[in-house]
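As structure tokens, this is what we get:
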């Protein structure tokens with residue numbers, strides 16, 4: 001899936017109405033179920049969206065990088081945030097109210113369409129995560145996750161079309177698995193010649209084999 005890029009018109013509107021906020025690594029931006037009528041644009045850094053399941057286990061929904069927006073879909077769900085958001089590293093963001101943004105959007109129909117495209121992209125990612133967690137076994141979850149992430153290279157996340165900078169624990173939280181299970185499955189995949197493991201990194205060596213494996217488990 002090709003990642004949507006912010007247009008110059010929309011970016012200018014963000015800077016005109018946005019309030020600059022900065023966060024340290026590990027600092028919470030907002031909590032799940034908090035009420036909020038604003039959304040955010042990332043100028044610098046990365047944030048992690050996650051939820052806690054009924055057993056208190058952390059499930060990472062996404063890691064969001066520079067030139068992306070987050071929190072917009074919550075405005076259409078009664079204003080309650082559907083996930084927790086925390087800073088991964090030093091983060092600089094713009095926070096803005098949709099009502100303040102509307103006068104600028106009305107001057108640029110293309111900007112309206114881009115907001116919709118971002119919402120669509122966010123909902124598609126969430127749909128993929130639900131499908132992965134509910135339908136696939138442990139190894140297929142990991143394979144599907146690796147394929148999805150590398151399908152949308154993102155420089156600020158250090159993600160390319162063949163490599164992601166994720167630790168075994170990062171994968172475990174993203175796929176709702178135990179770390180020991182993830183380590184075991186990744187080592188199996190490395191023996192198969194599908195991937196190459198490094199320090200906090202995973203390199204895809206045989207994408208076709210990974211895609212074939214996932215198809216056989218859907």
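In UniProt numbering, the protein residues as written are 1 to 218. For each residue, glycine too, the CB sits at the ideal point set by N, CA and C. This one's a predicted model, so the numbers in the text were calculated from it and none came from an experiment.
Check	Outcome
How do the stretch 82-102 and the stretch 33-51 stand: do at least 3 beta-carbon pairs fall below 8 Å, yes or no?	yes
Classify residue 62: buried if its beta carbon has 16 or more other beta carbons within 10 angstroms, exposed otherwise.	buried
Considering only the beta carbon of each residue, do residue 31 and residue 79 sit closer than 7 Å?	no
Are the beta-carbon atoms belonging to residue 74 and residue 82 less than 7 Å from one another?	yes
How would you write the range of the beta strand (DSSP E) that residue 49 sits in, first residue to last?	47-52
Hey, could you find the ends of the alpha helix (DSSP H) residue 67 is sitting in?	First-last for residue 67: undefined, no H or E at that position.
Please tell me whether residue 200 and residue 167 are closer than 7 Å, where the distance is taken between their beta carbons.	yes
Is residue 9 helix, strand or coil by DSSP?	helix
Since residue 186 contacts residue 197 with CB under 8 Å, what's their CB separation in whole angstroms?	6 Å
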